[in-house]
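> Numbering-wise, the numbering used here puts 68 at position 12 of the sequence shown, and it's gapless, one number per residue.
Ideal Cβ placement from N, Cα and C applies to all residues, glycine included.
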Amino acid sequence: MTKQFHDHALDSQSLDQLFREARTYNGWLKKDVSDEQLHAIWDLMKMGPTSANQQPVRIVWVKSDEAKAKLAECVSEGNHDKVLNAPVTALIAYDVDFHEELPWLFPHTDAKSWFEGNEELRHEHGFRNSSLQGAYLILAARALGLDTGPMSGFDAGSVEKAFFADNPRHKVNFICSIGYGDPESIFDRSPRPDFDRFSRIA
């Protein structure tokens with residue numbers, strides 16, 4: 057039983073669902089994920105913090121058979137069937153020009169001016185904060201009773217050409233399948249380090 061550090065801490069069952077018992081799935085049960093569920097994921101993940109509320113993530117939810125076939129051509133051989141069989145695969149990208157939205161996303165100050173004329177800085181912030189938002193997506197999906205399968209193993213240029221050609225300033229970060237995981241598709245959990253192995257309190 058997890059020690060409760062705060063009156064509002066989640067119960068142990070919720071922590072199991074989000075972290076301790078949650079797994080990365082390689083195969084999927086034949087159960088659909090609805091558009092309403094995708095909207096629900098978005099409505100949760102958008103609440104997670106990003107620097108100056110940048111919200112740089114841009115997502116394509118690959119759901120149709122045609123789109124899955126197109127994506128399968130862009131991924132490694134090991135990820136091919138994962139993409140074809142998953143109900144949905146989210147392409148998690150970031151907008152290099154996210155700063156154009158800052159006047160309404162972060163109206164407290166002229167945050168747009170921090171990034172104008174500095175594309176390298178925008179790439180740095182876009183990648184960092186879209187990575188955070190991708191992690192929020194995983195937790196949001198788990199919180200809603202879904203499973204996830206985040207992946208590298210794809211050709212970014214091919215994905216961008218196939219799915220972001222109308223938005224060439226959108227750069228893919230990683231991809232993540234979403235659905236109801238097949239327990240037969242996972243193996244024993246890999247080791248997780250104790251606190252002192254990779255962290256310290258200064």
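For the beta strand (DSSP E) that contains residue 113, what are its first and last residues?
In the sequence shown, counting from the first residue as 1, residue 113 sits at position 57. From DSSP, the beta strand (DSSP E) with residue 113 extends over 113-118.
> Between the beta-carbon of residue 124 and the beta-carbon of residue 140, is there less than 8 angstroms?
Position 68 of the sequence shown, counting from 1, holds the residue named residue 124. Position 84 of the sequence shown, counting from 1, holds the residue named residue 140. A contact, by the Cβ cut-off of 8 angstroms.
> Using 8 angstroms for Cβ pairs, my map puts residue 147 next to residue 231. What's the rounded Cβ distance?
In the sequence shown, residue 147 corresponds to position 91, counting from 1. In the sequence shown, residue 231 corresponds to position 175, counting from 1. Sure, about 5 angstroms apart at Cβ, within 8 angstroms.
> Buried or exposed for residue 239, please, with buried defined as at least 16 other CB atoms from any protein chain shown within 10 angstroms of its CB.
On the sequence shown, residue 239 is found 183 positions in, with the first residue counted as 1. By the 10 Å Cβ count, residue 239 comes out exposed.
> In the DSSP assignment, find the alpha helix (DSSP H) that holds residue 70 and state where it starts and stops.
As a first step, residue 70 must be located in the sequence shown, where it is residue number 14. First-last of the alpha helix (DSSP H) with residue 70: 68-71.
> For the pair the region 207-224 and the region 121-138, tell me if three or more CB-CB distances fall below 8 angstroms.
These segments touch.
> Check this for me: beta carbons of residue 167 and residue 158, under 8 angstroms apart or not?
Reading the sequence shown from its first residue, position 111 is the one you call residue 167. Reading the sequence shown from its first residue, position 102 is the one you call residue 158. Cβ distance < 8 angstroms, so residue 167 and residue 158 count as in contact.
> Would the beta-carbon of residue 233 fall within 8 angstroms of that of residue 205?
Along the sequence shown, read from residue 1 onward, the residue named residue 233 stands at position 177. Along the sequence shown, read from residue 1 onward, the residue named residue 205 stands at position 149. Yes; because the gap between Cβ atoms is below 8 angstroms, this pair is in contact.
> Residue 234 by DSSP, collapsed to three states: which one?
What you label residue 234 is simply residue 178 of the sequence shown in a count that begins at 1. Strand, per DSSP.
> Under a three-way DSSP split, which group does residue 148 fall into?
Position 92 of the sequence shown, counting from 1, holds the residue named residue 148. Three-state result, residue 148: strand.
> Could you give the distance in angstroms between the alpha-carbon of residue 164 and the alpha-carbon of residue 156?
Within the sequence shown, residue 164 is the residue found at index 108, counting from 1. Within the sequence shown, residue 156 is the residue found at index 100, counting from 1. Taking the straight line joining both Cα atoms gives about 15 angstroms.
> So if DSSP puts residue 228 in a beta bridge, which residue, or which two residues, is it bridged to?
Sequence index remark: in the sequence shown, residue 228 carries index 172 (1-based). Bridge partners of residue 228: 149.
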